[in-house]
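Student:
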Amino acid sequence: MRIIVLIKHVPDTWEERVLDPTTGRLDRSASERVVDEITERALEAALALKDRDKSIEVVALTMGPGESSGAIKKALSMGADAGIHLVDDALAGADAMTTSATLAAALRDAGADLIIAGNESTDGRGGVIPAMIAEHLGLPALTFVSELAIDGDRVRGERATETATSIVSAPLPAIVSITEGMPEPRFPSFKGIMGAKKKPVASHSLADLEPALAGSRQGASSIVLTCEQRPGRTGAEPIVDEGDAGTQLAAFLAQQRLV
Amino acid sequence: MTTALVHIDLTADGAPADSTAALLGAAAALGEPVAVVAVAPGTDTSTLASALGRLGAARVVVAEATEVGSVIATPQVSALAAAIDREQPSVVLLAHSIESRDVAGRLAVRVGGALAWDAVDVAADGDRVVATHSLFGGAYATTSMVEGGLPIITVRQGSIDARAAAVASPAVEMLSVEVTGAVATVESSTPVRPSGRPELRTAKVVVAGGRGLGSPERFALVEQLADALGGAVGASRAAVDAGYIAPAAQVGQTGTTVAPDLYIALGISGAIQHKAGMQTAKTIVAINTDASAPIFEVADFGIVGDVFQVVPQLLSALESRR
Numbered sequence: 001m002r003i004i005v006l007i008k009h010v011p012d013t014w015e016e017r018v019l020d021p022t023t024g025r026l027d028r029s030a031s032e033r034v035v036d037e038i039t040e041r042a043l044e045a046a047l048a049l050k051d052r053d054k055s056i057e058v059v060a061l062t063m064g065p066g067e068s069s070g071a072i073k074k075a076l077s078m079g080a081d082a083g084i085h086l087v088d089d090a091l092a093g094a095d096a097m098t099t100s101a102t103l104a105a106a107l108r109d110a111g112a113d114l115i116i117a118g119n120e121s122t123d124g125r126g127g128v129i130p131a132m133i134a135e136h137l138g139l140p141a142l143t144f145v146s147e148l149a150i151d152g153d154r155v156r157g158e159r160a161t162e163t164a165t166s167i168v169s170a171p172l173p174a175i176v177s178i179t180e181g182m183p184e185p186r187f188p189s190f191k192g193i194m195g196a197k198k199k200p201v202a203s204h205s206l207a208d209l210e211p212a213l214a215g216s217r218q219g220a221s222s223i224v225l226t227c228e229q230r231p232g233r234t235g236a237e238p239i240v241d242e243g244d245a246g247t248q249l250a251a252f253l254a255q256q257r258l259v
Numbered sequence: 260m261t262t263a264l265v266h267i268d269l270t271a272d273g274a275p276a277d278s279t280a281a282l283l284g285a286a287a288a289l290g291e292p293v294a295v296v297a298v299a300p301g302t303d304t305s306t307l308a309s310a311l312g313r314l315g316a317a318r319v320v321v322a323e324a325t326e327v328g329s330v331i332a333t334p335q336v337s338a339l340a341a342a343i344d345r346e347q348p349s350v351v352l353l354a355h356s357i358e359s360r361d362v363a364g365r366l367a368v369r370v371g372g373a374l375a376w377d378a379v380d381v382a383a384d385g386d387r388v389v390a391t392h393s394l395f396g397g398a399y400a401t402t403s404m405v406e407g408g409l410p411i412i413t414v415r416q417g418s419i420d421a422r423a424a425a426v427a428s429p430a431v432e433m434l435s436v437e438v439t440g441a442v443a444t445v446e447s448s449t450p451v452r453p454s455g456r457p458e459l460r461t462a463k464v465v466v467a468g469g470r471g472l473g474s475p476e477r478f479a480l481v482e483q484l485a486d487a488l489g490g491a492v493g494a495s496r497a498a499v500d501a502g503y504i505a506p507a508a509q510v511g512q513t514g515t516t517v518a519p520d521l522y523i524a525l526g527i528s529g530a531i532q533h534k535a536g537m538q539t540a541k542t543i544v545a546i547n548t549d550a551s552a553p554i555f556e557v558a559d560f561g562i563v564g565d566v567f568q569v570v571p572q573l574l575s576a577l578e579s580r581r
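Chains as they are written, first to last, in the numbering used here: chain D, 1 to 259; chain F, 260 to 581.
(1) Using 9 Å as the limit for Cβ to Cβ distance, is Pro664(F) near chain D?
(2) For Tyr399(F), which beta-bridge partners are listed by DSSP?
(3) If contact means a Cβ-Cβ distance below 7 Å, which residues of the region 225 to 259 of chain D contact chain F?
(4) Under three-state DSSP, which class holds Leu282(F)?
(5) At a CB-CB cut-off below 8 Å, which residues of chain F make contact with Leu144(D)?
(6) In the DSSP output, which residue or residues are listed as bridge partners for Asn547(F)?
(7) Kindly identify the DSSP beta-bridge partner or partners of Glu406(F).
(8) Could you give the uninterrupted runs of the beta strand (DSSP E) lying entirely in the region 431 to 465 of chain F, keeping only those of 3 residues or more?
(9) Is there at least one Cβ from chain F nearer than 9 Å to Asp95(D)'s Cβ?
(10) Beta carbon of Ser77(D), beta carbon of Ser189(D): below 9 Å?
(11) Alpha carbon to alpha carbon, how far is Ala220(D) from Met97(D)? Give it in angstroms, no decimals.
(12) At the level of alpha carbons, what is the spacing between Thr165(D) and Ala297(F)?
(13) Using a Cβ-Cβ distance cut-off of 9 Å, determine whether Val295(F) contacts chain D.
(14) For the alpha helix (DSSP H) that Gly70(D) lies in, which residues bound it at each end?
(15) Under the rule that 16 or more other beta-carbon atoms within 10 Å means buried, what is Val379(F), buried or exposed?
(16) Note down, in chain order, every chain D residue with its Cβ under 7 Å from the Cβ of Ile531(F).
(17) Would you mind sorting Gly301(F) into buried or exposed? The rule is 16 or more other CB atoms within 10 Å of its CB.
(18) Distance cutoff 9 Å, beta carbons only. Does Arg470(F) sit that close to anything in chain D?
(19) Once the 5 residues before and after Val570(F) are set aside, which same chain residues still bring their CB inside 8 Å of it?
(20) Please state whether the Cβ-Cβ distance between Val381(F) and Ala367(F) is less than 9 Å.
(21) To test your reading of the DSSP string, which unbroken beta strand (DSSP E) runs of 3 or more residues are found completely within the region 297 to 344 of chain F?
(22) Could you check whether Pro140(D) and Ala174(D) sit closer than 9 Å to each other, using their CB atoms as the reference points?
(23) Name the chain D residues that come within less than 7 Å of Met404(F), Cβ to Cβ?
(24) So, using beta-carbon positions, are Val464(F) and Ile543(F) closer together than 9 Å?
(25) Comparing alpha-carbon positions, which option in Arg422(F), Val388(F) and Met433(F) lies nearest Ser278(F)?
(26) Can you list, in chain order, the residues of its chain with a C-beta nearer than 7 Å to that of Gly127(D)? Leave out the 5 residues immediately preceding and following it.
(27) If the cut is a Cβ gap below 8 Å, which residues of chain D does Ser448(F) touch?
(28) Should Thr226(D) go down as buried or exposed, given a rule of 16 or more other Cβ atoms within 10 Å for buried?
(29) Give the residues from the region 175 to 203 of chain D that approach chain F closer than 7 Å (Cβ to any Cβ), ordered along the chain.
(30) With a threshold of 9 Å between beta carbons, is Ile38(D) in contact with chain F?
(31) Can you tell me which of the three DSSP states Arg257(D) falls into?
(32) Touch check for the region 205 to 213 of chain D and the region 4 to 12 of chain D: three-plus C-beta pairs under 8 Å?
(33) Note down, in chain order, all residues in the region 119 to 133 of chain D with a beta-carbon under 9 Å from any beta-carbon belonging to chain F.
(34) Rounded to whole angstroms, what is the Cα-Cα separation between Arg233(D) and Phe555(F)?
(35) Looking at the structure shown, is Ile175(D) part of a helix, part of a strand, or coil, going by DSSP?
(36) Can you give me the C-alpha to C-alpha distance between Asp384(F) and Ala288(F), rounded to a whole angstrom?
Written as structure tokens, this is what we have:
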């Protein structure tokens with residue numbers, strides 16, 4: 001069985017993140033890039049399945065500029081068997097339509113029994129790419145699951161939406177997106193880091209993805225019109241409680257007509 | 260007049276979800292608001308249609324499919340695709356909920372439209388629809404539009420105040436749709452029990468607790484203040500990780516983004532990831548023992564003090580104001 005995990009390089013959420021005001025795209029020079037933690041958890045989910053069944057092959061797939069090879073390297077050092085890097089200048093600032101069509105083409109080429117992604121990235125926060133890939137590939141999608149198991153030829157999980165918690169399942173091949181409810185990712189071991197260098201990484205441009213890309217070509221696109229930085233919020237100097245802060249707060253809330 | 264289709268999320272008991280009023284309100288500014296709802300055959304559509312009319316649906320397209328309720332997303336996608344074919348709308352609006360995001364993503368691919376997600380506002384600009392987005396916790400505002408196809412827009416819940424005028428008896432059109440291919444099945448389902456408190460993402464008041472509460476038992480103080488203010492209960496990731504409260508309460512970068520009139524942070528230090536989920540609240544109050552906690556950088560009223568001293572005093576002061 002082959003599991004392909006979608007991983008993403010994102011700006012570190014511990015730092016201020018910056019958009020280029022003219023394009024509305026990420027200013028990649030402004031902050032450190034890290035592997036999005038939710039995609040590390042997706043990889044952990046795949047590796048946990050591989051721990052129980054050594055015949056499973058785990059492949060990490062990412063789309064991003066040259067430096068995103070660092071994300072693949074991290075995945076390999078954690079235990080993935082191989083990596084695929086989609087890199088092409090024409091993909092800079094890709095919208096969800098282009099992103100999902102490109103990922104779907106690569107997945108169509110690579111072939112997977114199970115695709116695992118994070119539920120939403122910390123930079124885009126769309127949470128739509130897994131469903132879009134599923135539609136491109138004609139696959140069932142179990143999105144936002146917090147538990148995951150393979151049961152014969154089905155994948156099964158627990159899914160909590162705003163209105164219900166459900167047990168959901170789908171026949172393989174399928175795509176799954178996982179939430180933070182899944183276990184934390186493992187750390188790369190020394191052996192893993194050393195072994196990562198010998199593992200195969202394929203790098204594909206858009207031209208390499210033809211003709212698979214033709215199967216998922218899109219007509220429409222979403223474009224950014226304006227991008228504006230909002231003034232930062234400045235707090236008031238805090239008061240130190242001298243025994244009456246609760247009463248003062250009640251007065252403040254009343255004065256602001258909040259109670 | 261153009262048509263603005265609105266996909267209706269349903270609650271466990273088959274009523275329009277809380278997000279519906281804002282979606283129809285937003286749609287009314289873009290065209291004739293037409294609700295599309297997928298139901299299992301035999302559902303009482305007249306009750307549903309009048310509920311949707313009260314929220315402003317000019318017409319209601321009801322699509323029947325046997326898979327509704329037992330299959331994830333694809334019955335709703337088929338319903339919307341059929342409605343698009345029939346209505347030729349200028350835009351489709353959906354909630355940015357977990358269920359509807361799957362529907363929106365698949366629909367955009369199926370009909371060759373393009374997706375704009377998590378809009379906090381939508382507006383007509385001539386014959387195009389412009390969506391406004393709030394990024395990185397409100398640090399940036401962007402606008403976007405769709406070129407070359409149908410705009411399919413998910414709308415952040417609780418972000419739009421516009422409401423459509425009620426329609427007494429909206430016309431109902433019935434469709435029957437089919438789901439093909441391999442599907443994701445719902446094997447069993449437990450509805451989320453209403454807590455009696457407002458929903459976190461749309462609440463006007465949110466009281467959130469952090470690591471500073473110290474234990475699940477002591478976290479009850481957060482709930483007590485939330486109830487006194489008629490608010491929802493939130494939490495920092497640290498409080499969720501420590502097991503003080505269920506993950507659904509998490510506010511922040513990887514939890515719910517909230518923008519209430521009043522946000523009260525109790526024992527929350529205010530890591531950048533937490534602020535990303537709440538810093539667009541109109542008024543922020545913070546109580547923390549650590550004067551250097553970053554939450555004070557965004558608080559309109561900050562108290563350096565012990566929540567277990569300050570909050571009980573606040574509660575009794577609120578009580579005496581009644």
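Beta carbons: idealized from backbone N, C-alpha and C, even for Gly.
Tutor: From the atom records:
(1) Absent from the structure is residue 664(F), since the part of chain F shown begins at 260 and ends at 581.
(2) Gln229(D) and Leu394(F)
(3) Leu225, Thr226, Cys227, Glu228, Gln229, Arg230, Arg233, Gly235, Ala236, Pro238, Ile239, Val240, Asp241, Ala245, Gly246, Thr247, Leu249, Ala250, Phe252, Ala254, Gln256, Leu258 and Val259
(4) helix
(5) The question names Leu, but residue 144(D) is Phe in the sequence shown. Those are Ile357, listed as they occur along chain F.
(6) Val563(F)
(7) Ser221(D)
(8) 444 to 450
(9) yes
(10) yes
(11) 8 Å
(12) 20 Å
(13) no
(14) Ser69 to Met78
(15) buried
(16) Thr13 and Trp14
(17) exposed
(18) no
(19) Leu480, Gln483, Leu484, Leu525 and Ile546
(20) no
(21) 318 to 323
(22) yes
(23) Ile223 and Leu225
(24) no
(25) Arg422(F)
(26) Asn119 and Glu120
(27) Ala164, Thr165, Ser166 and Ile167
(28) exposed
(29) Glu180 and Gly181
(30) yes
(31) coil
(32) no
(33) Asn119, Glu120, Thr122, Asp123, Gly124, Arg125, Gly126, Gly127, Val128, Ile129, Pro130, Ala131, Met132 and Ile133
(34) 11 Å
(35) strand
(36) 11 Å
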